[in-house]
Structure formats: C-alpha cells, structure tokens
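Worksheet: the structure to be examined is printed underneath.
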Amino acid sequence: MSLPVIQCALDSLFSADQIVSGNRASVVSGAALDSRLLQRGDLYLALAGRASHGLLHIADAIEKGAVAVVAGVNDWAQHPDAVVRAEAAGLARVAVEGDVSRLAPEIADAVYATPASRLFLIGVTGTDGKTSVCRFISEALSAAGRPCGYIGTVGWGMGERLRENALTTPDVIMLRRMLFELAAEGATHVAFEASSHALAEGRLEGLDIRVAVLTNFGRDHLDYHGSIEAYREAKAMLFAWPTLEAMVVNVGDAFGRSLLASAPESVERWGFDSHDQGALSDQSALAAAGVNLVCASDIESRTGGLAFTLHDGDARTTVDSRLFGRFNVDNLLACHGVLRAAGVAANEAVHALSSVRPVAGRMEVFRPGDAGGPLAVVDYSHTPQSLAAAIDALRPHCAGELWVVFGCGGDRDPGKRAPMAAAAAAGDRVIVTDDNPRTESSAAIIADILDGFSSDADYIVIADRGEAIDHALDKANEADVVLIAGKGHEDYQIIGHEKRPFSDRDTVAAILREAS
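Counting from 1, position 89 in the sequence shown corresponds to residue 80 in our numbering; the numbering is continuous, with no gaps.
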C-alpha cells in the first residue's frame, strides 16, 4: 500500500534566522534522529548522544539523501568539519538555540501531521508481559472492529505484517513516523510498549496517550536506573500522563494498587487479578473506590491451552484460549480491561479474547515429530519473577521432568543473576548457558549465576547455547518438558560487540525436525 506523500517546506518549520545556509524552500518528506534510519528527503536532527554527537555522522546524512540538518548553535560551532561538509553537499543548515531534543516532538508533529492525535493510543508498561499484552490488545481490538497497530519488542505494524524495530520503544521522531504509517494503513488504535528507558528519556513526549496499562512490577534494568525507586518512578510517569483517560493495572501488585490510589478522579480505573477471583486484592475496597474489577476463577491448564471463568462486574463468562501459562490469564485480563476502557462491550471483549494467538518466543510450544521426544517451549523470561512464572506455568503440562535452559545477559544488572538461579532451581534439571554475554566474560557471568544455587542443586554448565539446547532435547524423555528461557524471539546472540545470527526458535525447530 502506498503512503500519503509528505511535503513540508523547511521554512514552515524554522524561521529565516534559524536556516543559516542552503535552500530555505527545501521540501522535507520525513525526519530522523538516527543517521542510520534516514531516508531520501528527510530532515536530520543531530543530537548529542551518549557515545558521540550526531554531527559526527554528517557523511551518513549526506549519503542517505537528507535535505537539511538541524543542530544547536553551539554544536555547529564545535563541529566546523560538519559545517564544511553540509554546505559542500548543498544541505540546508538549521541552527537553533539550546537543546535540539526539546524541539523534536514539535518538529515531528509538524512533519507527520500530528498522527498521534488521530489515533487511540494505549501505552503498556511493566517488568514482564508488555509484549504479550500489547500483541493481545492489537489482535483483540482488531477482532472487535477497531483496527489496532502494534509497536514494541518484536517489531511494529498491523496484524502479522511486522517490520523490524531496533528499540522496544522507538525515539520520539521514529515513533511519529510509525504512527503516521499505521494510520495510513487503516489503524484507528495503536498499542505500544512503554519501556522505563523511554519514559525516563522523554521519548513519549507530546503523545496523546489515552490508556495506560501496568502488567506487574519487579526488579529489572537497575544497571540503567541505578535503583528500584528510580525504576518505579519511571514506570509511574505513564500513569500521570496529561491526556490519560483510563488506566488498567494489576491489583495483585502493590505498585499497581498504589497507582490506583493516586489516580485523579477524571481517570477511569480498571483493575485485574487472576488469583482466585482477586484474592490478593481487597475487592470490596477497590469497588467502593470506583475501580472496575476484572478477575478470574476456575483456571484450567489443558493440552490445547487455558480455560477460565472471567468476572467482569456481575458478568461471568468462560474463556477458552490457545495460550499456555497461568500468567497469560493475567495478560488476557489486562487485555480485556483495555478493550472495556476503549468502549468495547463486555461480551464482545470476551469473544475477541478467544481469538488471540501466542506471540513468537513467548511460551511458544514446539511439539516433537513422529519419532517422539520432549515438548519444547521457548520463552523470553529473563527476570527472576518471569522465569519462576514460566516454570510454574509448565508444571501442569509436565508428566516427567521439567528441564530449564537459561543464562543471563552481560553488561546488564549483575544483581539479578543469583536470583535467576534460585528461580531456575524449581526445575528438575537445569542447564546454565550463555545468553547475550556482550563484552563481559561468559565464565564470569556464569560464576555469578552459580552463586544462587544451593549446594544440592541439580545443574550442569554448557556455555555454548546451541549445544546446551541440543543436550537438553537429546537427553529429555517423552514425558519431559524443556524450557529454553531468556531470548525468546531474538534471532541473534551478542558476543563482544558482534551480533551473531542465533535463534532459540530455529535451533529447537531444527533439532526436532532432525530427530523425526
């Protein structure tokens, strides 16, 4: 499908004083902060990054066909080579006072005709489950007649037609470009993953977010935020958004309950809890406070997936789902709450829930061939709480031993490595392997992990991830289940600074195919 043509005059974006050289009437057809993402006709916003300044990549901008470059007055003065290159190539140079990043949302809205204001935006945050909940919302809303796009970890787009996405939450410019394209493709709603990094860095600035969702809260990303308090504060920003109309939060989570308690009266509040009709939350107190509760009971793990009774106020409805894992009950309840907050009737929302499919690399089941063998499950669980939840979810499906293959990422919070081992120890057979070591020593990461095992824990170490997966699938019996945790949908492994092709999903599929 062809997209609407963007033709935005440079002199409609900036004053004559700001356009210091080049063609003031240049026509801009897009914008980008990252020189690698530039397209011909784009406006390049050159910002100061953590490692280098965007003006150092002016050659990329020229090669990609940018028509103009925006930078701070002082930045241009400090990068005279960039001035020479830009003017020699005929690029228009724009110099603005102060920090260019503060102007980025306004510039992006002007270039892309404020796409966010024309869409019903749903931001999903939380330590675990963001991708699944966003994908479920996108599928369910679309099934309910409200075409919904998705932006997040596994890509962005409509339905199954996902394009690659470098970041869970894109930068402020790229996010507008994606929203513009999704609107052009017919989306009326968009569910996106709102990472704590994006919230802390202001990447969502200026978006008209209508519904905010909290899946859960636990330890993660302390290497970035520095403390659990700073991590919590970043998440909380989404629920104080100026355009917010509704919030949907996990009321079985203490942080979720605190968000509801501090919500302004103008915000519609929905709470979900899958623990025995909301046993972990005080339902009566929440209901009295005006919170709409969505709970579950009669939860069953079946061969083909999950079944449970959904409670929406006084209504009771059975949900049959193709999803595996008890934690997916919470994810489905969150999805239901969002549909209700978006104006979908209760019965229509429940019907839409039954249509959602498993997400790639999220409790994704690989069944053995005719020759038999164990059931294999690939999951993205990479925090102690998500790994524990995945193991617990697979127990009902395991007649034999439950194998766990996992590792921990390098250059990330080392404090969660030992807790990951403690969580993995709930399995019957554990294999510690590499995840994405990055620039850390594989042996050092594994040593940190092993500190979390008790002296009588049953585990082995096979650092090579492919060999670890092969060993587990070869030694496991037909009654066993093998959980390969940590990387999920990823089709690469980062070793040093190199991104090497590697996929848990493809590795498992190839081994099972060869065995059959």
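Cβ coordinates follow ideal geometry from the N, Cα and C atoms, glycine included.
Cβ-based burial, residue i [other Cβ within 10 Å; buried from 16]
i	result
Gln484	buried
Ala231	exposed
His302	buried
Val75	exposed
Val294	Reading off the sequence, residue 294 comes out as Thr, not Val. Exposed: under 16 other Cβ atoms inside 10 Å.
Val(-4)	exposed
Pro255	exposed
Arg248	buried
Thr309	exposed
Ser17	buried
Asp488	In the sequence as displayed, the identity of residue 488 is His instead of Asp. By the 10 Å Cβ count, His488 comes out exposed.
Ile475	buried
Asn65	exposed
Ile451	exposed
Gly398	buried
Glu355	buried
Ser108	exposed
Glu130	buried
Thr118	buried
Thr430	exposed
Lys490	exposed
Ala434	exposed
Arg403	buried
Arg496	buried
Asp370	buried
Ala336	exposed
Beta-carbon separation (whole angstroms), residue i vs residue j, contact threshold 8 Å
i	j	result
Ile437	Ala454	7 Å
Arg353	Ser123	5 Å
Ala99	Arg167	4 Å
Ala351	His480	5 Å
Thr116	Leu205	6 Å
Val423	Ile440	6 Å
Leu324	Ala287	6 Å
Val60	Ala37	6 Å
Ala23	Met165	7 Å
Ala95	Ile49	Incorrect: roughly 18 Å between the Cβ atoms, too far for contact.
Leu34	Ala0	11 Å between Cβ atoms; not a contact.
Ala62	Leu46	6 Å
Asp244	Phe208	6 Å
Ser26	Lys55	7 Å
Gly328	Val258	The pair is not a contact, with the Cβ atoms about 13 Å apart (cut-off 8 Å).
For residue i, the first and last residue of its enclosing beta strand (DSSP E)
i	result
Ser292	283 to 293
Gln484	483 to 486
Pro492	489 to 492
His388	Here His388 belongs to no beta strand (DSSP E), and DSSP marks it neither H nor E.
Gly21	21 to 23
Val11	10 to 12
Arg331	Careful: Arg331 lies outside any beta strand (DSSP E), inside the alpha helix (DSSP H) at 318 to 332.
Ser312	306 to 312
Thr300	296 to 303
Val499	No beta strand (DSSP E) holds Val499; the alpha helix (DSSP H) holding it covers 495 to 506.
Ala205	For the record, residue 205 in the displayed sequence is Leu; it is not Ala. First-last of the beta strand (DSSP E) with Leu205: 200 to 205.
Leu474	472 to 476
Host alpha helix (DSSP H) of residue i (start-end)
i	result
Pro375	375 to 385
Asp370	Premise fails: Asp370 lies in the beta strand (DSSP E), 366 to 370, not in any alpha helix (DSSP H).
Phe5	Note, Phe5: premise wrong, no alpha helix (DSSP H); not H, not E.
Gly457	456 to 466
Leu344	337 to 344
Ala413	408 to 415
Met224	What sits at residue 224 in the sequence shown is Glu, not Met. Run containing Glu224: 219 to 227, per the alpha helix (DSSP H) assignment.
Asp278	Checking the sequence, you will find Ala at residue 278 rather than Asp. Its alpha helix (DSSP H) spans residues 274 to 279.
Glu355	That residue, Glu355, is in no alpha helix (DSSP H); its beta strand (DSSP E) goes 355 to 357.
Ser187	187 to 192
Near the ligand FMN: residue i beta-carbon under 7 Å from a heavy atom
i	result
Ala409	Questions concerning the ligand FMN fall outside what the structure shown contains, since it holds no ligand whatsoever.
| said: For a minimum of 3 consecutive residues, which ranges assigned as the beta strand (DSSP E) are wholly contained in the stretch 231 to 263? | reply: 237 to 241
| task | Taking 8 Å as the threshold, find out whether the stretch 368 to 375 comes into contact with the stretch 331 to 345 through three or more Cβ pairs. | result | no
| Pairing CB atoms from the stretch 356 to 372 with CB atoms from the stretch 464 to 478, are three or more of them under 8 Å? | yes
| request: Could you tell me whether the stretch 138 to 154 touches the stretch 7 to 25, using the rule of 3 or more Cβ pairs below 8 Å? | output: no
| Taking contact to mean at least 3 C-beta pairs separated by less than 8 Å, is the stretch 439 to 447 in contact with the stretch 378 to 386? | no
| request: Could you say if the stretch 130 to 142 and the stretch 176 to 186 meet the contact criterion of at least three C-beta pairs nearer than 8 Å? | output: yes
| request: Pick out the complete beta strand (DSSP E) segments inside the stretch 94 to 181, 3 residues or longer, and give them in chain order. | output: 111 to 116, 139 to 143, 146 to 149, 152 to 154
| message | For a minimum of 4 consecutive residues, which ranges assigned as the alpha helix (DSSP H) are wholly contained in the stretch 417 to 441? | response | 433 to 441
| task | Any chance you could list the beta strand (DSSP E) runs of at least 3 consecutive residues sitting entirely within the stretch 36 to 85, in chain order? | result | 59 to 63
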